[in-house]
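Taking the numbering used here, the leading residue of the sequence shown gets 608, the next gets one more, and so forth.
Cβ atoms here follow ideal geometry from the backbone N, Cα and C, with glycine treated the same way.
Computed from a predicted model, the values in this text were never measured in an experiment.
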Amino acid sequence: MICLTGDVHPMSLQINDQKHISDSALTETRITQQYVGLLARYGVKATLYVCGGCFRDEWCDLEPVVTHPLVEVGGHMFNARFPRECFDAYGEQTGLWNGPKWFQDWDIGEMIRVAQERGGAEIVSWRAHSYMVDSNSHELLAKHGIKLVSDDVESDSVWPRTIDFGLITHPINVIPDHDHLYHAHRTPEYVEEVNRRSYGADDFGAVSYTIEDWGEKVIEQVERIDRIGGLATVLAHPLCHFLADGFATLEKILARFASKPTVFARDIRDLADSPPPAVTAWLEQHPPALRPVRYGPMGRHLTS
Ligand SMILES: [Zn+2]
Ligand SMILES: [Zn+2]
């Protein structure tokens with residue numbers, strides 16, 4: 608079983624990848640329309656975590672994306688930590704990477720409100736921009752009715768599980784794209800420089816690959832999880848794939864996924880904590896690694 612996910616940002620966020628869109632008629636949301644066209648071609652479902660700013664500023668382009676039957680809309684923060692420098696500085700001081708509690712409360716509420724008002728979508732699935740969760744996030748998300756989160760990168764988490772405040776987490780358990788892919792500004796020189804500053808590594812190391820090699824790894828890892836009978840949560844951003852090779856590798860991946868069951872994040876709500884016997888047996892032999900709490904005053908994060 609596969610849960611394909613991607614994150615979508617408004618152009619007002621000015622993230623690095625967006626600066627590499629050479630056609631001025633295109634935006635990340637318009638590129639996501641092409642991604643959804645490919646989902647339709649292969650009959651693959653995806654949960655797209657969309658920033659509130661896309662609903663606010665780019666609704667005409669976003670509407671066909673969020674109303675498509677193969678798309679579940681998840682929340683990706685209303686303001687998405689903009690301007691990032693301010694949120695990073697505040698986070699370094701306080702450990703609250705998403706600003707003061709009252710602000711994060713407002714941000715989550717606005718995200719849910721704008722998606723409901725514009726698209727009629729009831730959001731139950733969430734991923735923080737840059738996976739930036741702090742000690743207030745889960746309490747606030749649960750308060751606003753969010754049920755599912757997917758902010759951790761854990762190669763050995765092959766089944767969703769209940770965490771604090773009754774939320775269910777389904778970590779990304781297949782090598783994510785952006786941080787492991789040469790594309791846009793992430794040239795081999797850039798990645799080497801970032802690694803020299805020991806910016807950080809996730810479960811898949813601090814290594815980057817060409818899009819072709821990354822695609823092969825994804826297919827291998829998904830098939831391994833599929834053989835166990837687990838849930839593979841894949842992160843493939845529309846913009847990263849557009850920039851890396853104009854969706855060529857994504858199409859190969861979707862062609863492989865087409866023969867397997869794909870699910871929305873919201874559909875795995877009832878599966879948490881009751882894995883099939885084969886998954887339980889596998890987990891007994893491969894207990895998940897103990898991991899430090901990811902957030903705190905000295906918390907570090909990937910994604911640049
Ligand atoms: Zn994001
Ligand atoms: Zn990227």
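Taking all protein chains shown into account, His-792 has fewer than 16 neighbouring C-beta atoms within 10 Å of its C-beta and is therefore exposed. Within the DSSP secondary-structure output, Ile-609 pairs in a beta bridge with Ala-839 and Thr-869.
If only uninterrupted alpha helix (DSSP H) runs of at least 4 residues are considered, those enclosed by the region 639 to 706 are 659 to 664, 666 to 673 and 691 to 701. Take Gly-773, set aside five residues on each side of it, and the residues of its chain with a beta-carbon closer than 7 angstroms to its own are Ala-749, in chain order. Pairwise C-beta distances place the region 882 to 892 out of contact with the region 646 to 662, as fewer than three of them are shorter than 8 angstroms. Distances between the C-beta of His-736 and the heavy atoms of ligand 1 include at least one below 7 angstroms.
Around Gln-711, the same chain offers Asn-705, Asn-743 and Leu-747 as residues with beta carbons nearer than 6 angstroms, after the five sequence neighbours per side are excluded.
In chain order, His-683, Met-684, Ala-687 and Arg-688 place their CB closer than 6 angstroms to the CB of His-736, counting only its own chain and leaving out the 5 sequence neighbours on each side. Classified as buried, Gln-625 has 16 or more neighbouring CB atoms from the shown chains inside 10 Å of its CB. For Val-829, the CB contacts under 7 angstroms within the same chain, skipping 5 residues up- and downstream, are Ile-609, Val-781, Ala-839 and Val-841 in chain order. Sorting Asp-668, Asp-630, Ala-808 and Ile-622 by C-alpha distance to the C-alpha of Val-643 places Asp-668 at the top. CA-to-CA, the gap between Asp-877 and Tyr-789 works out to about 37 angstroms.
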